[in-house]
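To convert, count from 1 in the sequence shown and add 12; that's the working numbering. Even for Gly, the Cβ is constructed at its ideal location relative to N, Cα and C. One structure is given below, encoded as structure tokens.
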Amino acid sequence: MDSIPSERDSDTRFIFLVGPTATEFVVHQAVFIRLAQYFETLITGGWSEATTKQAIWSDVEVPVFEGLRRFAYLGDFDVPEPSLIDDSLHNYGKDY
């Protein structure tokens, strides 16, 4: 995987704060910009994130973002294991 941008690369890095605990992911701007127009606008457009060079994605799970980052850098994507379903849901609807 490409190296993580350092402080001296501040003009080429972008920070994603992911999940409810705001796990920090530092990425190369160019790597994400090439994924989709959305990322180009997010990183270099007129949105506030382009000014602050960070986006807060509190509703995205860390393993999901790790998969996106892997795809962005390597062109490969591993599907994360699904979360365990609450056992109470297994019986949902059986009485009907």
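Asked                                                                                                                                                     : Found
Any idea if glutamate 19 is buried or exposed, counting beta-carbon neighbours within 10 angstroms, 16 or more meaning buried?                            : Caution is warranted here: a pLDDT of 49 is assigned to glutamate 19, below 50, making its placement in the model unreliable, and no coordinate value can be reported.
Secondary structure at glutamate 36, three-state DSSP: helix, strand or coil?                                                                             : strand
Kindly indicate the opening and closing residues of the beta strand (DSSP E) around leucine 29.                                                           : 25–30
Only counting the same chain, and skipping five residues up and downstream in sequence, which positions put a Cβ closer than 6 Å to that of glutamate 61? : Leu54, Ala67
Any idea which residues DSSP pairs isoleucine 68 with across the strands?                                                                                 : Leu29
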